Every structure is written in C-alpha cells, then in structure tokens.
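Structure, as structure tokens:
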Amino acid sequence: MNNRPHSSPPRRIFIDKQSPKVFHALVQVSEAVRATASEAGLDRTTVELINLRVSQLNGCAYCLDVHTRAALRAGESPQRLGILSAWRDTGLFTPSERAALALAEAATDPVNAAAQAPAYEAARQVLSEDQISAAIWVAVTINAFNRVSIMSKHPVPPLHDNK
C-alpha cells in the first residue's frame with residue numbers, strides 16, 4: 011500500500027520555451043517545407059489535411075486545434091475535416107489528396123513497411139516527385155511538432171465564442 015500523499019504529476023517542461031533556439035530551427039524547417047510544398051504545387055488545404063491526419067494518428071490535441079483552424083482558414087470544409095480519419099471510406103477526397111494522406115500515414119508509422127509500397131505506388135500515379143517529396147516533408151515536420159507538443163503537454167485554450 012502506498013502511504014505517500016496524493017500529488018499531482020510533475021509539471022511538464024515546455025521544451026519549445028526551454029530550448030528556444032532548437033524550436034526556432036524547427037519553425038524555420040517548417041517554413042521551408044511550406045514553401046517547398048507550395049512550389050511543388052501542393053495547395054494549402056492538402057498541407058493542412060496532412061498536418062491534421064498525422065496529428066490524429068499521434069493524438070496531438072494542440073496540433074489538431076491549431077491545424078483545424080488553419081484548414082478552415084484555407085477554405086477546407088467542416089464536413090471533410092469531420093471525416094478525415096475515415097478518408098479511405100469516402101469519395102470526398104481527390105486522388106492527389108488521398109495519395110498525400112497515404113504517404114503521410116506511411117511517414118508517421120515508418121516501421122510499417124507494408125504501407126509504404128502501396129502509398130508510393132498510388133502517389134506516383136497522381137503526384138510529381140516534387141509533390142511526393144513535399145508531402146513526406148510535411149508529414150515529417152508535423153510529426154516533430156506533435157512530439158514537441160505532446161511531450162510538453164501544451165494546453166488547448168478554449169475558444170471564446172458566443173456558444
């Protein structure tokens with residue numbers, strides 16, 4: 011039996027604040043990736059779909075909040091955002107978006123080699139090599155941000171609206 015008094019878990023260190031130079035470098039990588047995606051012809055909604063799908067897989071509440079709002083600002087529909095986790099089961103996503111999402115999932119679980127071959131095969135049918143590279147870089151980058159936020163336990167601030 012544990013006779014220690016109940017205590018709250020230790021406060022997490024916000025590693026982005028604790029090591030700002032490293033976080034700033036990650037932000038710079040993100041900016042370069044966003045520019046690369048744009049230059050490759052991946053539109054902003056596809057980039058945000060990748061950010062959201064990877065954040066769903068990783069369970070990053072903070073990044074889900076940030077990128078849901080970014081996707082809405084980019085013109086994404088609430089319907090598609092609501093069903094993103096089941097993107098394979100609907101016809102609401104374009105072949106290019108489907109290919110990018112499959113690549114993002116493969117990049118998020120890289121030990122699942124079985125998912126990589128079909129993701130690449132599908133991507134090669136509808137995306138250029140520059141777009142394939144950019145989609146993977148978007149996934150790699152949001153995976154890094156997910157880990158920063160998850161390990162830091164970044165809180166999701168409530169939105170103050172009229173509800």
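Just so we're aligned: 158 in this note's numbering is position 148 of the sequence shown, and the numbers increase by one with no gaps anywhere. Every residue gets a Cβ at the ideal spot worked out from N, C-alpha and C, and that includes glycine. Everything numeric in this text was worked out from a predicted model, so none of it was measured.
Whether residue i touches residue j by CB criterion (7 angstroms)
i: Thr-56; j: Glu-107; result: yes
i: Ala-110; j: Ala-81; result: no
i: Ser-44; j: Ser-162; result: The question names Ser, yet the displayed sequence has Arg at residue 44. No, the Cβ-Cβ distance between Arg-44 and Ser-162 is not below 7 angstroms.
i: Pro-105; j: Val-136; result: yes
i: Cys-70; j: Ile-160; result: yes
i: Leu-94; j: His-77; result: no
DSSP three-state assignment for residue i, whether helix, strand or coil
i: Leu-52; result: coil
i: Phe-103; result: coil
i: Glu-86; result: coil
i: Pro-165; result: coil
i: His-34; result: helix
i: Val-121; result: coil
i: Asn-172; result: Its pLDDT being 49, under 50, Asn-172 is placed unreliably in this model, and the value from its coordinates should be taken loosely. Here Asn-172 sits in coil by DSSP.
i: Ser-143; result: helix
i: Phe-24; result: coil
i: Gly-69; result: coil
i: Leu-137; result: coil
i: Ser-159; result: helix
i: Ile-93; result: coil
i: Ser-40; result: helix
8 angstroms contact criterion, which residue i and residue j should meet: CB distance rounded
i: Glu-131; j: Leu-67; result: Not confirmed; about 21 angstroms, so no contact.
i: Glu-86; j: Glu-58; result: 6 angstroms
i: Val-158; j: Asp-75; result: So it is not a contact: roughly 14 angstroms between Cβ atoms.
i: Ala-133; j: Ala-112; result: 7 angstroms
Classification of residue i by the beta-carbon crowding that lies within 10 angstroms, buried from 16 upward
i: Leu-102; result: exposed
i: Leu-3; result: Since the displayed the chain opens at 11 and closes at 173, residue 3 lies outside it and no answer follows.
i: His-34; result: exposed
i: Ala-129; result: buried
i: Asn-174; result: Absent from the model: residue 174. The displayed extent of the chain is 11 to 173, so no value can be given.
Does the stretch 147-154 come within contact of the stretch 114-129, defined as at least 3 CB pairs closer than 8 angstroms? yes
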